[in-house]
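Numbering (the numbering used here), first residue to last: 3 to 339. All C-beta atoms, glycine included, are put in the ideal place defined by N, C-alpha and C.
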């Protein structure tokens, strides 16, 4: 089993696609979905067929650009947290999910050969679970393929909210990587709070954040939720809530780095804060946004398919022609050996 992402409506130069795909293959971390291979074929066009029983409005010609990933057997973190029996997930597993996701983001932000990767749409839908329920971040490839400027312009053009992005992202200027890393940290913080407090992120972030600040600082609230935990584990819960609240501070400069978060988790004590130079502009009120994505499946034999939510991420600012970004495809296929 492999997972195949087919890029449709995004015209990425051949050499750029190959170069970035090779870099994706070299990424190696237990909390990152492994890119196994890629394909770029300009020899033929492709024809799209029906999707979910509905005819597609048009045909697209152009090169095939495919990325192949390890297949993650247990779906997404969102499915796991929000599905039936989610309340029965014990703290040990929740802590494993938090720590693994933090470790994966730390790896991406450190990057390879001084080339950090920012995600810009980190959410439970973009964290997959392998056969051992180890969290693995996916979706980071989009960052290198279309660039942050294009990502942001598409987000604003499509006019839609992305649930885990901070309001300041939509008003920031420039493409400073130090600032963009704080966008990922905000998203990570919301995820940590969601996992630790078992409260789903809905609507305006500030409402949930204020509620947690007011009600979850005391151990009594934590013990009501986690009735069977000992003192050490209760301190872990409290520590994760403190980390989450630090991550979602309205001032990007005051958010911790992924590395500082890992130090905090490993040492179980808050590290000395380090100022972020050039961390971007201060936040302003959010712009209403609403992004919708539709998958499209090629007419090839498949035994199993699943459309996932595409993610936006970037850290390179080259020119990429974007035509119909909503036609990005994610699907799982059975490959006969």
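Return the bridge partner residues of residue i from the DSSP annotation.
i           : result
residue 117 : 114
residue 68  : 8 and 41
residue 78  : 130
residue 137 : 131
residue 34  : 139
Near residue i, which residues of its chain fall below 8 angstroms by C-beta distance, leaving aside the five closest residues on each side in sequence?
i           : result
residue 244 : 272
residue 77  : 130 and 131
residue 19  : 40, 42, 67 and 147
residue 247 : 191, 195, 211, 214 and 215
residue 92  : none
residue 221 : 236 and 240
residue 238 : 93, 97 and 270
residue 111 : 118, 119, 120, 183, 186, 259, 260 and 261
Compare the beta carbon distance of residue i and residue j with 8 angstroms and say whether it is the shorter of the two.
i           : j           : result
residue 138 : residue 74  : yes
residue 186 : residue 250 : no
residue 99  : residue 197 : yes
residue 215 : residue 241 : no
residue 193 : residue 166 : yes
residue 174 : residue 124 : no
residue 37  : residue 27  : yes
residue 257 : residue 199 : no
residue 7   : residue 69  : yes
residue 109 : residue 31  : yes
residue 97  : residue 4   : no
residue 267 : residue 101 : yes
residue 182 : residue 122 : yes
Among the residues of its own chain, which have a CB less than 7 angstroms from the CB of residue i, if the five just before and after it don't count?
i           : result
residue 84  : 202
residue 225 : 236
residue 223 : 217
residue 105 : 33 and 264
Could one say the Cβ of residue i lies closer than 8 angstroms to chain B's Cβ atoms, at least one of them?
i           : result
residue 180 : Absent here is chain B; the protein component of the structure consists of one chain.
Could you name the residues of the same chain whose beta carbon sits closer than 6 angstroms to that of residue i, not counting the 5 residues immediately before and after it, in chain order?
i           : result
residue 133 : 75
residue 88  : none
Open item on the list: I want to know whether the region 253-271 touches the region 209-225 - three or more CB-CB distances under 8 angstroms.
Closed with: In this structure the region 253-271 does not touch the region 209-225; the number of beta carbon pairs closer than 8 angstroms is below three.
- [ ] Return the chain-ordered ranges of every alpha helix (DSSP H) run that is complete within the region 192-254 and spans a minimum of 4 residues.
- [x] Within the region 192-254, the runs of alpha helix (DSSP H) that reach at least 4 residues and sit entirely inside it are, in chain order, 207-217, 221-227 and 233-249.
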